[in-house]
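Below: the structure, in C-alpha cells.
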Amino acid sequence: MSSPHDRPTVDELLESVREWLERDVTQSGDARIAFHARVAANIIEMVRREHDSAADVNARNSEMLASLKVMNEQELVDKIRTGLYDENLLEMLQKLRPIVEDKVSVANPKYLY
C-alpha cells in the first residue's frame with residue numbers, strides 16, 4: 252500500500268530503532284539495561300507485525316463478527332458467556348480459530364509452529 256508520507260517509512264523507523272537497541276544498547280555492559288533493550292526490541296517486532304497485518308486482520312475480524320451477528324468483540328464475549336453458542340461449539344471454534352491465530356501471529360508467531 253502506498254503512503255502519503257515520505258521516507259523513512261514506519262518499517263524503516265522501527266527497524267532502525269530495533270537495530271540500535273540490539274547493536275548498541277544490549278552491548279552496554281549493564282545486564283539490566285540489556286534485558287530491557289531486548290524487551291523493547293521484541294515490542295518493536297510486535298508493533299511491526301501488527302502494522303503489517305492490520306488491514307487483513309481487521310477485515311477477517313469484521314467478517315467473523317458479522318457472521319455471528321455481533322457488532323464488536325465485547326458483544327461476542329457477552330454472548331459466549333451467556334451460553335448462546337454452546338450448542339454450536341465446534342462451529343464457534345472454527346470461526347474463532349483464525350482470529351486467535353492472527354493475535355498469536357502478532358504476539359509471538361513461534362507459538363504457531
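Numbering of the sequence shown is given in the working numbering, commencing with residue 252 and proceeding in unit increments. All residues carry an ideal CB built from backbone N, CA and C; glycine is no exception.
Apart from sequence neighbours up to five positions away, the residues of its chain that approach Arg289 with a beta-carbon distance below 8 Å are Leu272, Glu273 and Thr277, ordered along the chain. When the alpha-carbon of Lys354 is set against those of Asn309, Leu340 and Gln345, the nearest one is in Asn309.
In this structure, Ser318 is the residue among Ser318, Pro349, Val351 and Glu352 with its C-alpha nearest to the C-alpha of Tyr336. Looking only at Leu341, Ile331, Arg348 and Ala292, the smallest Cα-Cα distance to Ser267 is reached by Ala292. The continuous stretches of alpha helix (DSSP H) do not include Glu338, and DSSP gives it neither H nor E. Here the C-alpha atom of Glu301 lies approximately 31 Å from the C-alpha atom of Gly280. The continuous stretches of alpha helix (DSSP H) do not include Glu273, and DSSP gives it neither H nor E.
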